[in-house]
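All residue numbers in the sequence shown are consecutive under our numbering, ending with 709. For reference, the structure discussed in these notes is given below.
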Amino acid sequence: MGFWKLNCSLLLIAVALMCGVVPVRAADDRAATQEGAEAEIAQLIEQLGSPQFATRERAQSKIQSLGLAVFDALVQAQQHRDIEVARRARYLLRGMPVEWSVDTDSQQVRSFLRDYGEQGRDERLSRIKQLATLQDSEGVEALCRIMRFEADIVLSKQAALQLMWHKSSDEPADRKAIAVRVQDTVGGSRRPAARWLRTYADTLVSPEPTLDEWERITRDELETLARKPDETQRSVVRDLLRWHVDLLQDLGESEQVRANTIRIVELVDPDREELFDVVDWALEREAWYVAGLLSERFPAEFWQDPLLVYRLAEAKRKGGDEAGAAETAKLALEMNPKLYDPHMAVARRLRYERLMFDWAEAEFRLLIETSRELPKGELIARELLAEMLADLAREQEAAKVLEPSVAIGEKDPVTLASAYEAIFRTPPSPEELQAKIDHWLGIHYGREGNIAKQKELLEKALTVSVEDIDIVIALYRVADDGKAWRDKVDTLLAKHVQRVESQMKELEQIIATSQDRDVRGLMNEQFAQKNNEYAWLVSNTVGDYQKAVACSKKSLELVPDSWPYQDTLGRCYFAVGDLKNAIHFQKLAVEGAPYMQQMRRQLKQFEDALAATAPKAN
Numbered sequence: 092m093g094f095w096k097l098n099c100s101l102l103l104i105a106v107a108l109m110c111g112v113v114p115v116r117a118a119d120d121r122a123a124t125q126e127g128a129e130a131e132i133a134q135l136i137e138q139l140g141s142p143q144f145a146t147r148e149r150a151q152s153k154i155q156s157l158g159l160a161v162f163d164a165l166v167q168a169q170q171h172r173d174i175e176v177a178r179r180a181r182y183l184l185r186g187m188p189v190e191w192s193v194d195t196d197s198q199q200v201r202s203f204l205r206d207y208g209e210q211g212r213d214e215r216l217s218r219i220k221q222l223a224t225l226q227d228s229e230g231v232e233a234l235c236r237i238m239r240f241e242a243d244i245v246l247s248k249q250a251a252l253q254l255m256w257h258k259s260s261d262e263p264a265d266r267k268a269i270a271v272r273v274q275d276t277v278g279g280s281r282r283p284a285a286r287w288l289r290t291y292a293d294t295l296v297s298p299e300p301t302l303d304e305w306e307r308i309t310r311d312e313l314e315t316l317a318r319k320p321d322e323t324q325r326s327v328v329r330d331l332l333r334w335h336v337d338l339l340q341d342l343g344e345s346e347q348v349r350a351n352t353i354r355i356v357e358l359v360d361p362d363r364e365e366l367f368d369v370v371d372w373a374l375e376r377e378a379w380y381v382a383g384l385l386s387e388r389f390p391a392e393f394w395q396d397p398l399l400v401y402r403l404a405e406a407k408r409k410g411g412d413e414a415g416a417a418e419t420a421k422l423a424l425e426m427n428p429k430l431y432d433p434h435m436a437v438a439r440r441l442r443y444e445r446l447m448f449d450w451a452e453a454e455f456r457l458l459i460e461t462s463r464e465l466p467k468g469e470l471i472a473r474e475l476l477a478e479m480l481a482d483l484a485r486e487q488e489a490a491k492v493l494e495p496s497v498a499i500g501e502k503d504p505v506t507l508a509s510a511y512e513a514i515f516r517t518p519p520s521p522e523e524l525q526a527k528i529d530h531w532l533g534i535h536y537g538r539e540g541n542i543a544k545q546k547e548l549l550e551k552a553l554t555v556s557v558e559d560i561d562i563v564i565a566l567y568r569v570a571d572d573g574k575a576w577r578d579k580v581d582t583l584l585a586k587h588v589q590r591v592e593s594q595m596k597e598l599e600q601i602i603a604t605s606q607d608r609d610v611r612g613l614m615n616e617q618f619a620q621k622n623n624e625y626a627w628l629v630s631n632t633v634g635d636y637q638k639a640v641a642c643s644k645k646s647l648e649l650v651p652d653s654w655p656y657q658d659t660l661g662r663c664y665f666a667v668g669d670l671k672n673a674i675h676f677q678k679l680a681v682e683g684a685p686y687m688q689q690m691r692r693q694l695k696q697f698e699d700a701l702a703a704t705a706p707k708a709n
């Protein structure tokens, strides 16, 4: 079956109405909208319900010949009061072929649109979302086409929403260009979402004048949900309201922000995933009151899930009610008493996702207290808490938490190995755990000014963890400028730099000579790690800083987007005095692991250094 070609000529449309020729193409929006043609199309649609079989068939044949020129009218006819008209309209829409891509589309857009009409609903929605993620607003026209000619009205609206949500340029000229592209592709479409996109195009150019229209659009969609629920979904209305709220927030319309946020709350169902979604969306926008409203509306669902209760506590804390937050967090802690797995899951999320370290600490300490009869569980809880405390620069407390693990490991090495295999690839020995404790205590005593104790503990740690470059760095930073100590540390540093360089050369040779792809892949990972070790060691001490930058870049070339390696590259740029690049890569690292406070402290160090170079005002 051939594809339809669109033509805006009134003469051709009239001929088509009479003879059944020259249909349309999805990419071209220049459909005839003259009153006469529209009236004749409307008459043909009415004839689909004629009691005369021949009249119905003749009308259907003529409509088929017009193709997408009658698309909007057929969409509306699906809701016709005459069941036969509605049935035939749906049939005609299903059989109407659409050429979704055009010659001007990029290869990537064409790949997403290939066989689009033959896919199931979920796959079509997936492709719509992928089109919205393309760089430089590349999927704009394709999304407009889907909005216009997708027979499923909900997917049509989803295409419009995804276009509205897509990340576009902030430059006025770029926004105006996108607006023109949207307007040209949407054309004279009468679909509900076409109104959204025309208003969106106006908003890109000048947002304030469109606020009243957005209010009408959201109100109309809420009414559609109430009266014609088959023409929309709660998720569509919710996302439309969210977009509206963000626009209002950007324009400082605080009263309307709250009113529309409450509309969103009123749409929520008592579904756990949806409750989290709405609460987190509200927290990101500092709408602290939303968690409270939902907890009052759905008390049964809210108060059986400790993570939701902690979200309520978080909202209270961020809203300035620390006493209320503490009380609510205490209630969450008391839920699921003596159940290890739920509390471990909560503790991890509080640390890694919510950055609520004090509440995570309380959960970890509860796990330690209640898992005395489960040494594996106790070991895991102690390790995770100790690592968190050390990252928070509370090294002495971290050491105290980890100390009992040494005794457990000496008594039951099998359980020690099993516990740490659940966290790390290679489980430590009891001696290596003690070395970690000594390392932390060495840092603590150095901060306290007890240099002798600091040296003793760090040197003791290095005798066990002989390749731990962080201990070497800690020794380098000992505040002792005496010649004997500096010579000793310089010798130690040179030894470890040479060791890492030698390991790098060995790995490079294996990679160059191995014919086994799997071996090369594994060696490349190790080579990246050794490049990172060299870069981290040198950039935190002394040495060839330019080589450190090159090695750090190499590690990221081999393992792109690795936040530990980005952290190292930030440090390397700081070492060579390139503060802007140092801050850039440190921010990337923090984005990758926002819970890592050591990286945040390093970012602040770089930002403070840059601020210090700025010329001071008179």
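Backbone N, C-alpha and C fix where the C-beta goes; we use that ideal spot for every residue, glycine too.
Own chain residues within Cβ distance below 8 Å of residue i, not counting five before or after
i: Ile674; result: Gly661, Leu694, Phe697, Glu698, Leu701
i: Leu216; result: Leu246, Gln249
i: Ala391; result: Pro361
i: Ile459; result: Glu469, Ala472, Arg473, Leu476, Val492
i: Glu592; result: Tyr625
Nearest-angstrom Cα separation, counted from residue j out to residue i
i: Ser653; j: Val640; result: 15 Å
i: Asn672; j: Ala451; result: 33 Å
i: Phe515; j: Ala382; result: 36 Å
i: Ile499; j: Pro466; result: 7 Å
i: Thr506; j: Pro495; result: 14 Å
i: Gln594; j: Val370; result: 50 Å
i: His530; j: Tyr664; result: 27 Å
i: Asn631; j: Ile562; result: 12 Å
i: Pro361; j: Ser260; result: 37 Å
i: Pro504; j: Phe455; result: 22 Å
i: Ala619; j: Lys644; result: 9 Å
i: Ser297; j: Glu214; result: 35 Å
i: Asp731; j: Lys502; result: The chain is shown only over 92 to 709; residue 731 falls outside these bounds and no answer can be derived.
i: Lys551; j: Arg463; result: 30 Å
i: Ile601; j: Arg611; result: 8 Å
i: Thr461; j: Lys621; result: 40 Å
i: Ser192; j: Arg205; result: 8 Å
i: Glu346; j: Asp635; result: 58 Å
Residues of its chain near residue i, where Cβ-Cβ distance is below 6 Å and the 5 sequence neighbours each way are ignored
i: Asn427; result: Pro433
i: Thr704; result: none
i: Tyr536; result: Lys544, Gln545
i: Leu476; result: Phe455, Val492
i: Arg325; result: Leu358
Nearest residue (CA-CA) to residue i, options the options
i: Leu430; options: Ala417, Gly468, Ala242; result: Gly468
i: His274; options: Arg318, Ala251, Ser260, Ala242; result: Note on identity: in this sequence residue 274 is Gln, with His being the wrong assignment. With distances taken between Cα atoms, Gln274 lies closest to Ala251.
i: Val348; options: Ser217, Ala373, Val629, Tyr207; result: Ala373
i: Ala350; options: Val327, Asp368, Ala378, Ser326; result: Ala378
i: Ile64; options: Arg329, Glu364, Glu312; result: Not covered by the structure: residue 64. The range shown for the chain is 92 to 709.
i: Gly264; options: Arg286, Asp571, Leu295, Gln340; result: What sits at residue 264 in the sequence shown is Ala, not Gly. The shortest Cα separation from Ala264 among Arg286, Asp571, Leu295, Gln340 belongs to Leu295.
i: Gln688; options: Glu460, Leu553, Ala484; result: Ala484
i: Leu679; options: Pro706, Leu647, Lys707; result: Leu647
i: Val176; options: Val189, Glu624, Thr146; result: Thr146
i: Arg775; options: Ser605, Trp576, Leu628; result: Residue 775 cannot be examined here, being either before or after the span of the chain that is shown, 92 to 709.
i: Gly668; options: Gln637, Arg408, Asp412; result: Gln637
i: Val327; options: Leu457, Gln253, Val633; result: Gln253
i: Glu486; options: Val497, Glu522, Arg538, Phe448; result: Arg538
Other residues of its chain near residue i: CB distance less than 7 Å, five sequence neighbours each side excluded
i: Asp163; result: Ser280, Arg281, Arg282
i: Arg691; result: Val681
Expected contact under 8 Å - CB spacing of residue i and residue j to nearest Å
i: Glu299; j: Leu342; result: 6 Å
i: Thr301; j: Thr290; result: 5 Å
i: Val336; j: Leu398; result: Going by Cβ atoms, the distance from Val336 to Leu398 rounds to 24 Å, so no, they are not a contact pair.
i: Cys642; j: Ala666; result: No, Cys642 and Ala666 are not in contact; Cβ-Cβ is about 12 Å, not under 8 Å.
i: Leu532; j: Leu548; result: 5 Å
i: Tyr443; j: Tyr656; result: Actually they do not touch by this definition, with Cβ atoms about 19 Å apart.
i: Ala423; j: Tyr401; result: 5 Å
i: Trp334; j: Met255; result: 5 Å
i: Gln340; j: Arg376; result: 6 Å
Please list the segments of the alpha helix (DSSP H) lying wholly inside the region 333-373, counting only runs of 4 or more residues, in order along the chain. Fully enclosed alpha helix (DSSP H) runs of 4 or longer: 345-358.
Ignoring anything shorter than 4 residues or poking outside the region 592-678, list the alpha helix (DSSP H) runs there in chain order. 608-630, 636-649, 654-666
Curious, which full-length beta strand (DSSP E) runs of at least 3 residues does the region 520-584 contain? As far as the region 520-584 is concerned, it has no whole beta strand (DSSP E) run of at least 3 residues.
What runs of the alpha helix (DSSP H), each 4 residues or longer, lie entirely inside the region 219-251? 231-240
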